[in-house]
Amino acid sequence: MTEAVAGAQGRRAAGWTLPVMGALAAAAGLAFLASLLVGPSGIGIHLDSDAGRLILVEIRLPRAILGALIGGALGLSGAVLQGYLRNPLAEPGLLGISGGGALGAVIAIHSGAAGAFVLALPAGGLLGAALAAMAVMLLAGERSGPLTLILAGVAISSLAGALTTLALNLSPNPFASVEMLFWLLGSLTDRSLTHVWLAGPLIILGGALLLTTGRALDALTLGEEAAQNLGVDLKVLRARIVAGTALAVGAATAVSGTIGFVGLVVPHLLRPLVGHEPRRLLPASGFGGAALVLAADVTLRLFAPMSEVRLGVVTALIGAPFFLWLVIKTRRELGP
Amino acid sequence: MMDCLDAREVGVRLGGRRVLNDVGLTVRPGEIVAVIGANGAGKSTLLKVLAGLITPEEGSVVLAGRPLAEHGARSLGREIAYLPQERAVHWPLTVRRLVALGRLPFREPIAGPSADDRAAVEEAMAATDIVRFAERSVMELSGGERARVLLARALAQRPRFLVADEPTTGLDPAHGLSLFAQFVRMAALQRAVIVALHDLSLAARYCHRVLLLQEGVALAYGTPRDVLTPGRIAQAYGVRATVAEIEGRPVVLPIEPLA
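The listed protein sequences correspond, in order, to chains G and V.
Residue 84 in the numbering used here sits at position 96 of the first sequence; the count goes up by one each step and never skips.
Counting from 1 along the second sequence, just add 43 to a position and that's the residue number in the numbering used here.
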């Protein structure tokens, strides 16, 4: 590549940041509106009838708000973890927090608590996510770096996964196992404003915490020692990342189940568009994640309104071809 | 002395092994100080201690009358720049954005770069002659170009003390010499450079003082003439060496390993 061309590309990527951010925010906004407009009762908003108002406020609005918040949380925490671990294949599930959340929710179903009390399910999820985050922090130790954190996360994640399958295996009756399985697939169906009030503040708090890590992640581009020299306290950074992910992704998992691939795909796709800077990638991935989850949920309602296809399945179906494309692209770049 | 970076009786253990033992070093403004020694002698650890990245178990490093640990991490980043040995860059940022990372210790939370920040970045890029590829991705550069970009990041901190760990490794002779020319310019501005080196001729030619480490202990400390003698080099590296002068400049030539 000639210098002039490469220079122009660099400038273009840098100059693109604002338009990219604007376009992603607009996409998320449009997807949010679409989510309010689409449902099994028909397309459009009918404020002239009680039923129409009820559908909007009690059914579609919570679903749209949760879709935006959960997608934002997944995209943002994926971008933060990729920046922190300096690995483009990192994703929120790596810390074991979503695994812990899933386990907590499955136990709530298994024990029958979820049947007795509606909020026992998300409460179990939150508890599981919080315990997983604490276990990861304890296991990783005081002075360790990102590598120990991933190892601890993978260990907790596998333990949570094993216990989740055990719960499925020992489920009291077939209905309970179907309920657990469907919950694990991830969905926004039948979530109420109560779910919004339960998860929303936690997701926003966690997201705010994650957004404060931008500069430290930029500095980590140069490695841990140079980042430390630039004023980054690595211990504080790690604590913020684990706490922020626990709040945002833990709360998201607690109300929606596991929605995969969003935290991996979105930052990966958007990174080149914001000049590869971790700090700029954070808000972009938040908007991008919100847009993707809302769009997937709207698509599901438009094309398969009555089927039992779950949101987590749709995002996985989007995510897998993305990986294939990634393999082909990497082969082309590294190939002879 | 208020303006010095002063390491006193520093001792460090890493994983149970004693890496530094009772090492002292005073770096004054305007000095270039070389830290030399065989692989594993403790050079990198000493440099990290001097930059405040490792807090020593014994002794202390004092800057402006206060131990480094009492300076905040950000305020330390405004005084001391640390250039690691590995030239790691994890994301393909443009050169200008990478150099601008050197201004992070100066930036207020949320605020954008100030006029001063921009000036420091341009100045650092001009000093290292990288302006013409300022908008290119760092990943497209050659090893020598990347080394200059990373040095520019450290210079953008406008540090009073630059701590550089083997900055000439992997550089061709021209880039190595221009790096030291940059250090000489910094010293003329009453800034100080502490540099770990394996090239003893560069140490002899450019450095005001040389600290020779062996297994974590200071074997000798003084002017290049005093430290870089065939006897000391034999003791520290286990090689027979000749110290000569060519075109009026000192040259240290290792000849063969000692039996």
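Quick reminder that beta carbons are idealized off the backbone N, C-alpha and C, glycines included.
Cβ of residue i within 9 Å of any chain G Cβ
{"i": "T137(V)", "result": "yes"}
{"i": "G85(V)", "result": "no"}
{"i": "V53(V)", "result": "no"}
{"i": "E165(V)", "result": "no"}
{"i": "H133(V)", "result": "yes"}
{"i": "E288(V)", "result": "no"}
{"i": "R61(V)", "result": "no"}
{"i": "G58(V)", "result": "no"}
{"i": "R196(V)", "result": "yes"}
{"i": "L141(V)", "result": "yes"}
{"i": "R228(V)", "result": "no"}
{"i": "S180(V)", "result": "yes"}
{"i": "Y125(V)", "result": "yes"}
{"i": "V156(V)", "result": "Here the sequence assigns Pro to residue 156(V), which means Val is not the residue at that position. No, P156(V) lies away from the interface with chain G (no Cβ there is under 9 Å from its Cβ)."}
{"i": "G145(V)", "result": "yes"}
{"i": "P300(V)", "result": "no"}
{"i": "P148(V)", "result": "yes"}
{"i": "L193(V)", "result": "yes"}
{"i": "E129(V)", "result": "yes"}
Among the options, the one whose alpha carbon lies nearest that of residue i
{"i": "R313(V)", "options": "L255(V), P148(V), G67(V), A284(V)", "result": "No answer is possible for residue 313(V): the residues shown for chain V start at 44 and end at 302."}
{"i": "R131(G)", "options": "K223(G), G10(G), G245(G)", "result": "K223(G)"}
{"i": "G8(V)", "options": "V45(G), A207(G), I33(G)", "result": "Absent from the model: residue 8(V). The displayed extent of chain V is 44 to 302, so no value can be given."}
{"i": "D178(G)", "options": "S244(G), G188(G), A13(G)", "result": "S244(G)"}
{"i": "L63(V)", "options": "L255(V), P210(V), V286(V), P300(V)", "result": "L255(V)"}
{"i": "A215(G)", "options": "G95(V), Q257(V), G80(V), R56(V)", "result": "G95(V)"}
{"i": "G60(G)", "options": "A308(G), V297(G), A187(G)", "result": "A187(G)"}
{"i": "E258(V)", "options": "R56(V), A50(V), C47(V)", "result": "R56(V)"}
{"i": "V164(V)", "options": "P152(V), L144(V), R292(V), W134(V)", "result": "L144(V)"}
{"i": "L190(G)", "options": "L156(G), A236(G), L197(G)", "result": "A236(G)"}
{"i": "L198(G)", "options": "V220(G), L173(G), L225(G)", "result": "L225(G)"}
{"i": "S65(G)", "options": "L147(G), S175(G), I192(G)", "result": "I192(G)"}
{"i": "A90(G)", "options": "R74(G), L169(G), L18(G)", "result": "L169(G)"}
{"i": "Q128(V)", "options": "S103(V), Q225(V), S87(V)", "result": "S87(V)"}
{"i": "L282(G)", "options": "G71(G), T5(G), A16(G)", "result": "A16(G)"}
{"i": "S146(G)", "options": "F105(G), G113(G), G87(G), G100(G)", "result": "G87(G)"}
{"i": "R189(V)", "options": "R139(V), A124(V), D160(V), I97(V)", "result": "R139(V)"}
{"i": "R62(G)", "options": "A239(G), L314(G), E213(G), T200(G)", "result": "Before going on, a small fix: residue 62(G) reads as Leu here, not Arg. Closest by alpha carbon: A239(G)."}
Counterpart residues of residue i in DSSP-defined beta bridges
{"i": "P110(V)", "result": "V105(V)"}
{"i": "I33(G)", "result": "I33(G) is not bridged to any residue."}
{"i": "V294(V)", "result": "A287(V)"}
{"i": "P7(G)", "result": "Answer by DSSP bridge pairing: none, since P7(G) is not bridged."}
{"i": "I75(V)", "result": "V236(V)"}
{"i": "E299(V)", "result": "R283(V)"}
{"i": "D49(V)", "result": "T69(V), V105(V)"}
C-beta neighbour in chain V for residue i, strict 9 Å
{"i": "I258(G)", "result": "The question names Ile, but residue 258(G) is Leu in the sequence shown. Chain V, which has no Cβ nearer than 9 Å to the Cβ of L258(G), makes this no."}
{"i": "P28(G)", "result": "no"}
{"i": "E(-9)(G)", "result": "Low confidence applies to E(-9)(G): its pLDDT is 40, below 50, so where it sits in the model is not reliable enough to give any reading."}
{"i": "R203(G)", "result": "yes"}
{"i": "G89(G)", "result": "no"}
{"i": "R74(G)", "result": "yes"}
{"i": "V254(G)", "result": "no"}
{"i": "G55(G)", "result": "no"}
{"i": "V393(G)", "result": "Given that chain G is displayed from residue -11 to residue 324, the structure contains no residue 393(G) and the question cannot be resolved."}
{"i": "L77(G)", "result": "no"}
{"i": "G263(G)", "result": "yes"}
beta-carbon residue i near the ligand FMN non-hydrogen atom, thresh 8 Å
{"i": "A164(G)", "result": "With respect to the ligand FMN, the structure shown offers nothing to examine, as it has no ligands at all."}
On the three-pair Cβ rule with 8 Å, is the region 118 to 133 of chain G touching the region 180 to 187 of chain G?
-> no
Please list the residues of the region 106 to 136 of chain G that have a C-beta atom closer than 7 Å to any C-beta atom in chain V, keeping them in chain order.
-> none
Which residues, in chain order, does the region 205 to 217 of chain G contribute to contact with chain V at a C-beta distance below 8 Å?
-> D206, A207, L208, T209, L210, G211, E213, A214, Q216, N217
When Cβ atoms are compared, which residues of the region 265 to 277 of chain G fall closer than 8 Å to chain V?
-> E265, P266
Would the region 255 to 266 of chain G and the region 134 to 142 of chain G be scored as touching if the rule is three or more Cβ pairs under 8 Å?
-> no
May I ask you to verify whether the region 108 to 125 of chain V touches the region 36 to 49 of chain G, counting CB pairs closer than 8 Å and requiring at least 3?
-> no
Do the region 3 to 21 of chain G and the region 271 to 279 of chain G make contact, defined as three or more Cβ pairs closer than 8 Å?
-> yes
Quick one, which residues of the region 87 to 121 of chain V are near chain G if we go by CB-CB under 9 Å, in chain order?
-> K91, A94, G95, L96, G115, A116, R117, S118, L119, G120, R121
Touching by the beta-carbon criterion (3+ pairs, under 8 Å), the region 276 to 289 of chain G and the region 247 to 256 of chain G | yes
Does the region 150 to 166 of chain G touch the region 25 to 42 of chain G, meaning 3 or more C-beta pairs lie closer than 8 Å?
-> no
Of the residues that make up the region 68 to 84 of chain V, which ones have a beta carbon closer than 8 Å to any beta carbon in chain G?
-> none
Report yes or no: do the region 93 to 101 of chain G and the region 295 to 308 of chain G share at least 3 C-beta pairs separated by less than 8 Å?
-> no
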